[in-house]
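Residue numbering for the sequence shown follows UniProt numbering, beginning at 1 and increasing consecutively. Backbone N, C-alpha and C define an ideal beta-carbon position, used for all residues, glycine too. To start, the structure under review is shown below, and the notes come after it.
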Amino acid sequence: MRAIGVPALGFSPINGTPELLHDHNEYLNIDIFLEGIALYQKIIEKISNVAGYVRIKEKRLKL
1 MRAIGVPALG FSPINGTPEL LHDHNEYLNI DIFLEGIALY QKIIEKISNV AGYVRIKEKR
61 LKL
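Encoded structure:
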């Protein structure tokens, strides 16, 4: 999104977890996983009901 001019921020609901993602001993506690799903559900419900919209300027992207 940033590449086409839409402001964005990074977010992860996986808190209190060692950074082992994509490592040989990758794992995620099931309770943290389920809390993350619930948090994303709340966020999506809130932002999907926003009045108006964001207009994206047309840009050609180098691939």
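At least 8 Å separates the beta-carbon of I47 from that of L28.
Residues L28, N29 and I32 of the same chain have their beta carbon placed closer than 7 Å to that of T17, with the five preceding and five following residues left out of the count. Between the alpha carbons of M1 and F11 lies a distance of about 14 Å.
Between the C-alpha atoms of D23 and Q41 there is a straight-line separation of about 27 Å.
In the three-state reduction of the DSSP assignment, A8 falls in the coil class.
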